[in-house]
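Basically my numbering = 1-based index in the sequence shown + 1100.
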Amino acid sequence: MPKLAQRVGRAKPSAIMLIAEKAKQLKASGRDIISFSIGVPNFLPGEHVYAAARESLSHDSGQYGSNRGAEALQDAFLKHVEALGFSGYTRANVSIGIGAKQVLYNLAEALLNDGDEICFAAPYWTTYRDIADIVGARANVMHCGPEQNYKLTPAQLDSSLARKPKVFLFNNPSNPTGMVYTQEEIAALAEVLVKHPDTWIITDDIYNAMVFDGIGYHHFVFARPELADRVIFVDSLSKTYGMPGWRVGLLAGPEAVAQAISTLNSNHITSLPEVITAAAVAALSGPQDVPRQKCAEFAARRDTVFTALRAIPGVVCPRPQGAFYAFPDVSVAFGKSHHNRVINNDIEFCAALLETKGVACVPGSAFGEPRALRISYTCPSAQLTPGLARIAEFFAELE
Ligand code: PLP
């Protein structure tokens, strides 16, 4: 048989999906499983989004569309980014993808040559590492442990950028930690970025509508507008509007980058379907009460999760302030036994927790932080407190 391309050998199946699959299998075999594993928002978009989709179907052209997104979508996105605080973007600055994931993949193709360096902070969203591997880039990971609230410091960024990486990829609010950078923290990082003009800056800010405690959403470009020349802002409808399966991702950035992404689109996806586009326009420009209400709901859930985790002796959990994740350091359990089974690391911890208590979490090593695990707290609300109680019980049974 002929050989597969080398880049496929570098691609790994998503660690998050593996745990979610295992949980699904156990559930199918009759086990009572509570899943804190997969990062889906677990709500549906407002009725106006479905109405727009139905209306679009009633006069569907059945044709290919624009590689950059239909003009109505470009305009709706431009209004959306303006409302977030960006200015100066026109249609020439935007493009689309099949979810932010594909936008990020396309950006890696567009900006990185084989062997180029991309830097990002750990804990990171697993796909960053995988995309870097597939396109043959070298990942320079900046470790940001629980001791520093999982946040990148200006000094760390400065020393990484001194190596002149081609791309710096930043994620705020963070998956997997739920951390959100304050205005001051963003401004301090922006000061470092202006000193290093050779690096593209990708900001994956798809959780920007889910920020708690009045911190607000901040961006490097708000602090230092001159960075706009090399900043690419990535957004998605998946989390904000409860539309992960609709697969709409967007970017705003320099014209040359938006053009490059549209050219790549013209060679693989071509365009977004008409019905999806109509739904996306309705989500972006219609009433924003669903995202607002969900943000308040997630903030309340964060309180429940944080309180439960903080009550477990030895567990360290920086307080999440956005998205819908908590990322406790559970390394206090390592070296102890649960029902005579020694827990050596995060993977064994998550496997034992799933098998004995029926609670699925993702091991932190999938995100570059093996002391922790990720809890995604968007499960049905009746499962939240029992799931947390089972985790506490698991800890109490450690010897
Ligand atoms: N970026 C981050 C940080 C994410 O957590 C996710 C999805 O989990 C994505 C990007 C991809 O989102 P999309 O559904 O738009 O592809």
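Think of the CB as a built atom: it goes at the ideal place given N, C-alpha and C, for glycine as much as any other residue.
Note that this is a predicted model, so its numbers are computed, not measured.
F1177 and A1152 have their C-alpha atoms some 16 Å from each other.
Nearest to K1266 by alpha-carbon distance, out of H1319, Y1250, L1211 and I1491, is L1211. Spatial neighbours of L1144 in its own chain (CB-CB distance under 7 Å, excluding positions within 5 residues in sequence) are listed in chain order as G1342.
The beta carbon of C1244 sits closer than 8 Å to those of A1221, A1222, P1223, Y1250, K1251, L1252, T1253 and Q1256, all from its chain and outside the five residues before and after it, given in chain order.
Note on K1339: 16 or more other CB atoms within 10 angstroms of its CB, so buried under the neighbour-count rule. In the three-state DSSP reduction, V1294 falls in the helix class (H, G or I). By the C-beta density criterion, E1374 is buried, having at least 16 other C-beta atoms within 10 angstroms. Relative to the ligand PLP, P1344 has its C-beta within less than 7 Å of a heavy atom.
Taking a contact as a CB-CB distance under 8 Å, the pair F1333 and G1353 counts as one, their CB atoms being some 6 Å apart. Checking the DSSP bridge columns, you'll see T1303 partnered with F1270 and F1333. When DSSP states are grouped into helix, strand and coil, F1495 belongs to the helix group. In the structure shown, P1391 falls within a helical segment according to DSSP collapsed to helix, strand and coil.
Excluding five sequence positions before and after P1486, the CB atoms of its chain that fall closer than 8 Å to its own CB belong to I1134, given in chain order. Sorted by chain position, residues whose beta-carbon lies closer than 6 Å to a non-hydrogen atom of the ligand PLP are G1139, G1199, A1200, K1201, W1225, N1271, N1275, D1304, I1306, S1336, S1338, P1344 and G1349.
Under the DSSP assignment, H1148 falls in the alpha helix (DSSP H) whose first and last residues are E1147 to S1158.
Checking the DSSP bridge columns, you'll see C1461 has no partner listed.
In this structure, the beta-carbon distance from P1463 to I1447 falls below 8 Å. Following the DSSP letters along the chain, one finds H1243 inside the beta strand (DSSP E) bounded by residues R1238 to H1243. Bridge pairing for S1259: absent [DSSP]. In the DSSP assignment, R1441 forms a beta bridge with H1438. Note on K1201: 16 or more other CB atoms within 10 angstroms of its CB, so buried under the neighbour-count rule. Secondary structure of R1401 (DSSP, three-state): helix. The region 1184 to 1191 and the region 1407 to 1414 do not touch, with fewer than 3 CB-CB distances between them shorter than 8 Å. The C-beta separation of D1258 from R1110 comes to about 30 Å, leaving the pair out of contact by the 8 Å criterion. Here the region 1414 to 1426 lies against the region 1267 to 1279, with 3 or more beta-carbon pairs under 8 Å apart. In this structure, DSSP gives C1479 a state outside helix and strand, which the three-state scheme calls coil. Of the other Cβ atoms in all chains shown, 16 or more fall within 10 Å of the Cβ of A1237; this residue is therefore buried. The Cβ atoms of I1361 and L1207 lie closer than 8 Å to each other. In this structure, the beta-carbon distance from I1301 to V1280 does not fall below 8 Å. When C-alpha distances from L1261 are compared across E1493, L1293 and G1197, the shortest belongs to L1293.
Distance check between Y1205 and each of V1235, G1458 and S1195 places V1235 closest, using alpha-carbon atoms only. With distances taken between CA atoms, E1284 lies nearest to F1322 out of G1345, F1322 and P1297.
When the alpha-carbon of D1313 is set against those of D1335, Q1163, P1102 and R1402, the nearest one is in R1402. Between E1171 and R1191, the C-beta gap is smaller than 8 Å, which places the two residues in contact. Annotated as distal: N1445 and P1480, with beta-carbon spacing of 8 Å or more.
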